[in-house]
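Have a look at the structure below, then the notes.
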Amino acid sequence: QVVGYTVLTDQLVKTRWSELTEQEHGQVSQLAFNNVGVVTSQGRAAWPVKGKAAALLSAVIRQQGGDAYTAVVPQLIARASEGPGQAEMACMLLHYISEDLTVFDTNNNEGKRSFLSSLTNSVNSVFPFLCEMLQQHFMLAYNAQQAGQAEPLAAHSAVITASLNALSTWVEWTPMARI
Numbered sequence: 001q002v003v004g005y006t007v008l009t010d011q012l013v014k015t016r017w018s019e020l021t022e023q024e025h026g027q028v029s030q031l032a033f034n035n036v037g038v039v040t041s042q043g044r045a046a047w048p049v050k051g052k053a054a055a056l057l058s059a060v061i062r063q064q065g066g067d068a069y070t071a072v073v074p075q076l077i078a079r080a081s082e083g084p085g086q087a088e089m090a091c092m093l094l095h096y097i098s099e100d101l102t103v104f105d106t107n108n109n110e111g112k113r114s115f116l117s118s119l120t121n122s123v124n125s126v127f128p129f130l131c132e133m134l135q136q137h138f139m140l141a142y143n144a145q146q147a148g149q150a151e152p153l154a155a156h157s158a159v160i161t162a163s164l165n166a167l168s169t170w171v172e173w174t175p176m177a178r179i
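1 is the number of the first residue of the sequence shown in the UniProt record's numbering; add one for each residue after it.
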């Protein structure tokens, strides 16, 4: 699975995206979004698989631009309530999208400016979401630890890590007045 996600991300989305038709863009986007759901529904998927699935979807979103990001954020936030796997994936995606834009972005300045504008406009919903995930899953992890439940503890701890990672990348570029 890791190799498959890597090939799709590197060879199709990052390298040959411009050669695809609009219909193919839609198909790849739907595949990436559905795979995020599949990975998290399989129980405790290995972190590399989750990471590559998140990287694929974030690369697709980056290729499609700010409008695609604006459309997917409410879906990610809604899916996060389905369980710790979905919450972790939502936080990972927000982390990767932010990191791609601020660290690894190779798009032209206008494309970057447009995407950054979409991210900045979403700060008022993303920051409270990430903080809520951190707080909620910290309490759930604490309760699981007190009850001696190793599996729920690991799942909630993964959400804590993912939300902290996402917050750390968003804080790097978000205007202080928005934090």
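Where a beta carbon is used, it is the ideal one built from N, C-alpha and C, also for glycine.
Just mark residue i as buried or exposed, buried being the case when its beta carbon has 16 or more other beta carbons within 10 Å.
i, result
"R16", "exposed"
"Y142", "exposed"
"D100", "buried"
"M89", "buried"
"N34", "exposed"
"C91", "buried"
"V38", "exposed"
"A71", "exposed"
"V36", "buried"
"V3", "exposed"
"L167", "buried"
Since residue i and residue j are thought to touch, with beta carbons under 8 Å apart, how far apart are those beta carbons, to the nearest angstrom?
i, j, result
"S29", "V60", "5 Å"
"L160", "F138", "The question names Leu, but residue 160 is Ile in the sequence shown. That belief holds up - the Cβ atoms of I160 and F138 are roughly 6 Å apart, short of 8 Å."
"A155", "G111", "Actually they do not touch by this definition, with Cβ atoms about 36 Å apart."
"S58", "L93", "6 Å"
"residue 182", "L56", "There is simply no residue 182 to check, as the chain begins at 1 and stops at 179 in what is shown."
"L153", "A144", "4 Å"
"A87", "A80", "4 Å"
Out of the options, state which residue places its alpha-carbon closest to the alpha-carbon of residue i.
i, options, result
"S98", "G83, W173, K14 and Y142", "W173"
"L119", "M139, L140, F138 and H95", "H95"
"M133", "S157, G65 and L12", "S157"
"E24", "F129, L12 and G148", "L12"
"L164", "L116, F129 and E151", "F129"
"R62", "F115, V38 and A150", "F115"
"T21", "V7, Q64, A45 and A53", "Q64"
"L31", "G51, A177, R113 and L8", "L8"
Looking at the structure shown, is residue i part of a helix, part of a strand, or coil, going by DSSP?
i, result
"R178", "helix"
"L167", "helix"
What runs of the beta strand (DSSP E), each 3 residues or longer, lie entirely inside the segment 44-68? The DSSP assignment places no complete beta strand (DSSP E) segment of no fewer than 3 residues inside the segment 44-68.
Where in the segment 88-153 do unbroken runs of the alpha helix (DSSP H), each at least 4 residues long, occur, reported from the N-terminal end onward? The segment 88-153 is shown to contain whole alpha helix (DSSP H) runs of 4 or more residues at 109-121 and 123-147, in chain order.
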